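Novice:
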Amino acid sequence: MTCDSASKLIPLYFYGELDPDEEDRLEEHLHNCVECTHSLDRQRTLASALDRRQVEAPQFLLEDCRADLMAAIQGGAPHADRSAKGPWTLFLEAIGSTFAGLNQLRQPVGAVALVALGFVAARFIGGSPAPVASGAPSDEVFATVRDVKPDNAGRVQIAYDETRRRTVTGSMSDQGIQKLLLAAAREENPAVRVESVGLLQRQAGSGEVRDALINAVAHDANVGVRLRALEGLKDMTADPEVRKTLAHVLLADDNPAVRMQVVDLLVAHRDDAMVGVLQNAVQREDNTSVRLKVEKALKDMNASIGTF
């Protein structure tokens with residue numbers, strides 16, 4: 007373990023947030039590293055200073071925070087401040103006055119400030135939103151704090167990543183809407199993928215949409231998404247790439263409902279190349295209903311069930 011990695015773990019170690027293996031590795035490092043041992047001592051000094059520091063909170067601070075949190079959950083406006091200084095300002099002033107002059111404690115202070123920041127994050131993020139241009143979509147901004155560095159002047163430098171949630175409305179013919187739906191078809195949330203793939207069916211004539219439906223049929227882990235994607239491929243069964251994918255899915259997919267629907271799509275556009283695929287499927291199929299459907303398809307094509 008390096009000194010750099012140890013310095014990042016020391017605050018977590020002090021508060022008992024490391025797993026046993028990490029604790030053992032850090033303690034082994036501390037036994038052999040004087041500088042990191044001093045860092046742990048500085049962490050103890052920091053905690054002691056925090057314990058001695060007392061800040062009188064505004065009378066209605068808790069009530070205001072609760073009101074703002076409820077307003078944020080319900081999508082309403084934040085509660086009006088009763089005090090001239092908000093809790094975030096008070097927090098920064100307390101940190102600055104407590105640790106002014108303790109230059110060596112910058113890294114531990116940053117770790118503690120990150121923890122404390124979580125308790126006021128709802129109020130910090132739930133404040134007045136940034137101005138939005140007239141006619142622009144409504145936004146929600148979410149901040150993820152990455153670093154907190156206090157200085158000797160009582161100020162704090164905060165580095166954070168900002169994620170902005172936007173809501174847009176448009177028709178299916180809009181290129182921007184189509185691109186968002188194509189991206190949504192690859193999202194982690196299966197409910198989002200199901201809905202997006204269902205909407206993309208209406209634009210199945212597009213090459214990008216066709217490729218997205220093919221990818222969903224062949225690779226999506228959610229059966230509901232695969233079934234929706236198969237519905238979108240109904241009018242493209244003559245496409246060689248689509249038929250190639252359907253042949254693969256018939257032999258590889260683990261869901262009988264998907265395989266049943268694939269058989270219907272394959273026989274909708276008959277060709278001799280599919281005979282071998284169906285014969286192979288009969289030999290491998292362990293579901294009675296799917297096997298009977300494949301056998302019927304072969305009989306309708308005047309093909310033998312077995313391979314010779």
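For what it's worth, our numbering labels the leading residue of the sequence shown as 7, then goes sequentially.
Idealized CB from N, CA, C, for every residue including glycine.
The model shown is predicted, which means the values in this text are computed figures rather than measured ones.
For a test of the three-state rule: what should DSSP assign to Arg290, helix, strand or coil?
Specialist: As a position in the sequence shown, residue 290 is number 284, starting the count at 1. Correct three-state label for Arg290: helix.
Novice: If we ignore side chains and look at the alpha-carbon of each, how far apart do Leu298 and Leu75 end up?
Specialist: As a first step, residue 298 must be located in the sequence shown, where it is residue number 292. As a first step, residue 75 must be located in the sequence shown, where it is residue number 69. Cα to Cα, the separation comes out at about 59 Å.
Novice: Could you please give the first and the last residue of the uninterrupted alpha helix (DSSP H) stretch that includes Tyr19?
Specialist: Taking the sequence shown and counting its residues from 1, one reaches residue 19 at position 13. Residues Cys9 to Phe20.
Novice: According to DSSP, which residues form a beta bridge with Lys155?
Specialist: Against the sequence shown, residue 155 aligns to sequence position 149. Gln163.
Novice: Name the DSSP bridge partner or partners of Ala149?
Specialist: Counting from 1 along the sequence shown, the entry for residue 149 is found at position 143. Ala149 is bridged to Glu168.
Novice: By Cβ distance below 6 Å, which residues in the same chain neighbour Leu187 in space, the five residues on each side in sequence not counted?
Specialist: One-based indexing of the sequence shown puts residue 187 at position 181. The answer, listed in chain order, is Ser202, Leu205 and Leu206.
Novice: Exposed or buried, what is Ser295 when buried is set at 16 or more other beta-carbons lying within 10 Å of its beta-carbon?
Specialist: Locating residue 295 in the sequence shown gives position 289, counting from the first residue. Ser295 comes out exposed.
Novice: If you draw a straight line from the C-alpha of Asn286 to the C-alpha of Ala227, how long is it?
Specialist: Working through the sequence shown from its first residue, we reach residue 286 at position 280. Working through the sequence shown from its first residue, we reach residue 227 at position 221. Near 24 Å, if we compare the C-alpha coordinates of Ala227 and Asn286.
Novice: With DSSP as the reference, label Lys305 as helix, strand or coil.
Specialist: Within the sequence shown, the letter at position 299 stands for residue 305. Helix at Lys305.
Novice: Within this structure, are the beta carbons of Leu284 and Leu252 separated by less than 8 Å?
Specialist: Position 278 of the sequence shown, counted from the first residue, corresponds to residue 284. Position 246 of the sequence shown, counted from the first residue, corresponds to residue 252. Not closer than 8 Å, so no.
Novice: Are three or more beta carbon pairs between the segment 178 to 186 and the segment 147 to 157 nearer than 8 Å?
Specialist: Taking 8 Å as the limit for Cβ pairs, the verdict is that the segment 147 to 157 does not touch the segment 178 to 186.
Novice: Find out if the Cβ-Cβ distance for the pair Val248, Leu256 is shorter than 8 Å.
Specialist: As a position in the sequence shown, residue 248 is number 242, starting the count at 1. As a position in the sequence shown, residue 256 is number 250, starting the count at 1. No, these two residues do not count as a Cβ contact at 8 Å.
Novice: Residue ranges of each alpha helix (DSSP H) run of no fewer than 4 residues wholly in the segment 230 to 281, ordered along the chain?
Specialist: 246 to 258 and 262 to 274, all fully within the segment 230 to 281.
Novice: Is the beta carbon of Ala235 less than 8 Å from the beta carbon of Ala244?
Specialist: For the purposes of this step, residue 235 is taken as residue 229 along the sequence shown, with counting starting at 1. For the purposes of this step, residue 244 is taken as residue 238 along the sequence shown, with counting starting at 1. Against a cut-off of 8 Å, the Cβ pair of Ala244 and Ala235 comes out as no contact.
Novice: Can you list, in chain order, the residues of its chain whose CB lies under 8 Å from that of Val281, leaving out five sequence neighbours each side?
Specialist: Translated into the one-based positions of the sequence shown, residue 281 becomes position 275. Leu304, Met307 and Ala309, listed in sequence order.
Novice: Going straight from the alpha carbon of Ser45 to that of Asp30, what length do you get?
Specialist: Numbered from its first residue, the sequence shown carries residue 45 at position 39. Numbered from its first residue, the sequence shown carries residue 30 at position 24. If I take the Cα positions, the gap works out to 17 Å.
Novice: Determine the DSSP secondary structure at Cys39, reduced to helix, strand or coil.
Specialist: Working through the sequence shown from its first residue, we reach residue 39 at position 33. Looking at Cys39 - three-state DSSP - the assignment turns out to be coil, as it is neither helix nor strand.
Novice: Quick check on Glu201: does DSSP put it in helix, strand or coil?
Specialist: Looking up residue 201 in the sequence shown gives position 195. Of the three classes helix, strand and coil, the one that applies to Glu201 here is helix, per DSSP.
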